[in-house]
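Have a look at the structure below before the remarks.
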Amino acid sequence: MREGAVLDERYRLIQPIGAGGSGQVWKAHDPKVDRHVAVKVLTDDASGDHERQVARFAREAAVAGGLSHPGIVTVHDFGSAVHEGHRHAYLVMRLLPGKALSTVLEAGHLSLPAAIHTASRVADALKSAHQAGLTHRDVTPSNIIISPAGEPTVVDFGTTKGSDARHDITTTGVLTGTPAYMAPEAFSGTFGPRSDVYSLGCVLYEMHTGRRPFTGTSWHLINQHLHEEAPPLRTLRPDVPVDLETFTGRLLAKAPADRPTSGQVRSALRTIHDRAFGASAPHRGEDVSGHVTITPAEATRGAIIPARVTKGKPCPACATRTDEKATQSCTTCKGEGRLIQWQHTHQVRLPSGIEDGQKARPRERGAPGTHGGAPGDLYVTVHVTN
């Protein structure tokens, strides 16, 4: 296929924008409704298996066309056309803005909130497919398109398996899916909704770390998926919350029964996100500074002394006024220019041999944290006087 080719005297191919499964994806124009669309054209690989590949395209059209979910690509049309003496099957879909998650990940891992959000939305899309009795079987970063607003859409349902055996077009002895993301049971040809959950776990792992849980040749991958555990997330990215590391491990469980359902994945990830990054998430308090005065004897032998920590804010009555006398006469702050928000007195241990002007840093003696977060630290400047 070349730019400018017209399929069925209707869809004019403008430019290639990617590939999915056995098809090349083009940006195209549909003059009938005057809109741009994505057209996936079956690749003619001269393998002699053209009829099975056409059946695969027909399957994708039937499956994706029967699902209605904002996270699943919309299919508009399906057909076949003769171009330069060759017949090509094609699939017409909504043109999605953005780029494949695989392209996004080339720059490295995502932020934790973005990774959790993406996986949660993909899980919701898979839940819709699973409730319809369908398993995607190839959940990979290449089959997730991220919009400019950061919203994911699942594409390429050509390998989907339904509960109706007539719809299974897998060839015996041929792996269906991408080995780096396949569940252990999938290598023996057994697929189910929780196989998709395992694949989503691999994608989530990669979004966290920028690398796949397992690497190597196909046979190395198969052995690792079957028998080995992926490196714990926090060994590769220490800022991952513990409960997120634990839950990602559940998605990668070897036995399907040990994995959650796609609906449970969606709910659990939303809970983890809200707990770690939501409005009520724990936040560490601010670091604050202060001064203490000690005697030479206390500096020599060390001492435990009280240190008052005060947090203030500009006085609302006079902070915006430039007249110094206005501040001095302010009855709200009594000439201080600031109001005390909170004040604490801590017992601070100073080490022996501390010198004048030296700073001590008592841990977690600063501003209190919020929603269970740890307090900040206290920086104390020591003054030694006779």
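Per my numbering, the very first residue in the sequence shown carries number 28; after that it's consecutive.
Note that CB positions come from ideal geometry on N, CA and C, so glycine has one too.
Keep in mind it's a predicted model, so treat the numbers as computed, not measured.
Check your understanding: Are three or more beta carbon pairs between the segment 292-301 and the segment 264-281 nearer than 8 angstroms?
Key -> yes
Practice item. Sort out for me which residues DSSP pairs Trp53 with in a bridge. Key: Sequence index remark: in the sequence shown, residue 53 carries index 26 (1-based). The partner list for Trp53 (beta bridge, DSSP) reads Pro43 and Val66.
Point to revise | Neighbour-count burial assignment, Lys154, 16 or more Cβ in a 10 Å radius | key: As a working note, residue 154 is residue 127 in the sequence shown. Looking at its Cβ environment, which holds 16 or more other Cβ atoms inside 10 Å, Lys154 is buried.
**Study point:** Helix, strand or coil at Tyr406 [DSSP, three-state]
**Key:** Within the sequence shown, numbered from 1, the residue matching residue 406 stands at position 379. Looking at Tyr406 - three-state DSSP - the assignment turns out to be strand.
Exercise for review: State the Cα-Cα distance for the pair Asp165 and Gly243, rounded to the nearest angstrom.
Suggested key: Taking the sequence shown and counting its residues from 1, one reaches residue 165 at position 138. Taking the sequence shown and counting its residues from 1, one reaches residue 243 at position 216. Those two C-alpha atoms are separated by around 19 angstroms.
Exercise for review: Identify which residue in Gly125, Glu212 and Arg365 has its Cα closest to the Cα of Gly339.
Suggested key: Locating residue 339 in the sequence shown gives position 312, where the first residue counts as 1. It is Arg365 whose Cα lies nearest to the Cα of Gly339.
Review point. When burial is assigned at 16 or more other CB atoms within 10 Å of the CB, is Lys386 buried or exposed?
Key: Translated into the one-based positions of the sequence shown, residue 386 becomes position 359. Exposed, since its Cβ has fewer than 16 Cβ neighbours within 10 Å.
**Study point:** One or two residues paired with Ser316 in a DSSP bridge
**Key:** Translated into positions along the sequence shown, residue 316 becomes position 289. Bridge partners of Ser316: Tyr406.
Exercise for review: Please name the residue in Val66, His115, Val109 and Lys54 whose C-alpha comes closest to that of Val102.
Suggested key: Against the sequence shown, residue 102 aligns to sequence position 75. The candidate whose alpha carbon is nearest that of Val102 is Val66.
Practice item. Could you spell out where the beta strand (DSSP E) holding Tyr117 opens and where it closes? Key: Looking up residue 117 in the sequence shown gives position 90. Looking at the DSSP string, the run of the beta strand (DSSP E) that includes Tyr117 is His113 to Arg121.
Review point. Who are Val375's beta bridge partners in DSSP?
Key: Here residue 375 corresponds to residue number 348 of the sequence shown, with the count starting at 1. Val375 is bridged to Ile332.
Practice item. Determine the burial state of Gly160: buried for a count of at least 16 other Cβ atoms within 10 Å of its Cβ, exposed for fewer. Key: Residue 160 sits at position 133 when you count from the first residue of the sequence shown. Gly160 comes out exposed.
Point to revise | Ser155: first and last residue of the uninterrupted beta strand (DSSP E) it sits in | key: As a position in the sequence shown, residue 155 is number 128, starting the count at 1. Per DSSP, Ser155 belongs to no beta strand (DSSP E); it is in the alpha helix (DSSP H), Leu139 to Gln158.
Review point. At what residues does the alpha helix (DSSP H) containing His252 begin and finish?
Key: Here residue 252 corresponds to residue number 225 of the sequence shown, with the count starting at 1. Note, His252: alpha helix (DSSP H), Ser245 to His254.
Point to revise | N- and C-terminal bounds of the beta strand (DSSP E) containing Asp223 | key: Sequence index remark: in the sequence shown, residue 223 carries index 196 (1-based). Looking at the DSSP string, Asp223 is not in any beta strand (DSSP E); the run it does join, the alpha helix (DSSP H), is Pro220 to Thr236.
Point to revise | Extent of the continuous beta strand (DSSP E) to which Gly106 belongs | key: Within the sequence shown, residue 106 is the residue found at index 79, counting from 1. Per DSSP, Gly106 belongs to the beta strand (DSSP E) from Val102 to His110.
Check your understanding: Does the segment 243-261 come close enough to the segment 216-223 to have 3 or more Cβ pairs within less than 8 angstroms?
Key -> no
Exercise for review: Grab the span of the beta strand (DSSP E) containing Ile172 for me, first residue to last.
Suggested key: Here residue 172 is taken as the residue at index 145 of the sequence shown, counted from 1. It spans Ile171 to Ile173 - the beta strand (DSSP E) in which Ile172 sits, taken as one unbroken run.
Exercise for review: Decide if Ala147 is buried, meaning its Cβ has at least 16 other Cβ atoms within 10 Å, or exposed.
Suggested key: Looking up residue 147 in the sequence shown gives position 120. This sequence places Ser at residue 147; Ala is not what is there. Counting C-beta atoms within 10 angstroms of its own C-beta, Ser147 has 16 or more neighbours from the protein chains shown and is therefore classed as buried.
**Study point:** Gly403 burial status per 10 Å Cβ neighbour count (16 or more: buried)
**Key:** The residue labelled residue 403 in the question sits at position 376 within the sequence shown. Classification for Gly403: buried.
Practice item. Using the DSSP secondary-structure output, state which residues sit across from Gly339 in a beta bridge. Key: Counting from one through the sequence shown, the residue named residue 339 turns up at place 312. Looking at the DSSP assignment, Gly339 forms a beta bridge with Ile367.
Review point. By Cβ distance below 7 angstroms, which residues in the same chain neighbour Thr236 in space, the five residues on each side in sequence not counted?
Key: Stepping through the sequence shown from its first residue, residue 236 is reached at position 209. Correct list, in chain order: His136, Leu260, Leu263 and Arg264.
Check your understanding: Would DSSP call Lys59 helix, strand or coil?
Key -> Walking along the sequence shown from the start, residue 59 turns up at place 32. In the three-state reduction of the DSSP assignment, Lys59 falls in the coil class.
**Study point:** Reduced DSSP secondary structure (H/G/I, E/B, other) of Pro268
**Key:** Residue numbering aside, residue 268 sits at position 241 when the sequence shown is read from its first letter. It is coil, neither helix nor strand.
Review point. Taking all protein chains shown into account, do 16 or more other C-beta atoms lie within 10 angstroms of the C-beta of Ala55, making it buried, or fewer, making it exposed?
Key: Mapped onto the sequence shown, residue 55 falls at position 28. Result: buried.
Review point. Taking just the CA atoms, how far does Leu227 sit from Tyr208?
Key: One-based indexing of the sequence shown puts residue 208 at position 181. One-based indexing of the sequence shown puts residue 227 at position 200. Their backbone Cα atoms lie some 8 angstroms apart in a straight line.
Review point. Over what stretch of residues does the beta strand (DSSP E) that includes Thr180 continue unbroken?
Key: The residue you call residue 180 lines up with position 153 of the sequence shown. Unbroken beta strand (DSSP E) run through Thr180: Pro179 to Val181.
Check your understanding: In angstroms, rounded to a whole number, what distance separates the CA positions of Val109 and His252?
Key -> What you label residue 109 is simply residue 82 of the sequence shown in a count that begins at 1. What you label residue 252 is simply residue 225 of the sequence shown in a count that begins at 1. Taking the straight line from one Cα to the other gives about 42 angstroms.
**Study point:** For Thr359, the three-state DSSP class (helix, strand or coil)
**Key:** Taking the sequence shown and counting its residues from 1, one reaches residue 359 at position 332. Correct three-state label for Thr359: coil.
Check your understanding: When burial is assigned at 16 or more other CB atoms within 10 Å of the CB, is Ala257 buried or exposed?
Key -> Working through the sequence shown from its first residue, we reach residue 257 at position 230. Buried, by the Cβ-count rule.
Exercise for review: Let me know the secondary structure DSSP gives Ile381 once reduced to three states.
Suggested key: Residue 381 sits at position 354 when you count from the first residue of the sequence shown. Coil.
Practice item. Over the uninterrupted alpha helix (DSSP H) stretch that includes Thr298, give me the two end residues. Key: In the sequence shown, counting from the first residue as 1, residue 298 sits at position 271. Looking at the DSSP string, the run of the alpha helix (DSSP H) that includes Thr298 is Ser289 to Phe304.
Point to revise | Minimum C-alpha distance to Val131 - residue among Ala89, Val230 and Ala330 | key: Mapped onto the sequence shown, residue 131 falls at position 104. Nearest option by C-alpha distance: Val230.
Practice item. Kindly indicate which three-state DSSP category Leu34 falls into: helix, strand or coil? Key: Your numbering for residue 34 matches position 7 in the sequence shown. Correct three-state label for Leu34: strand.
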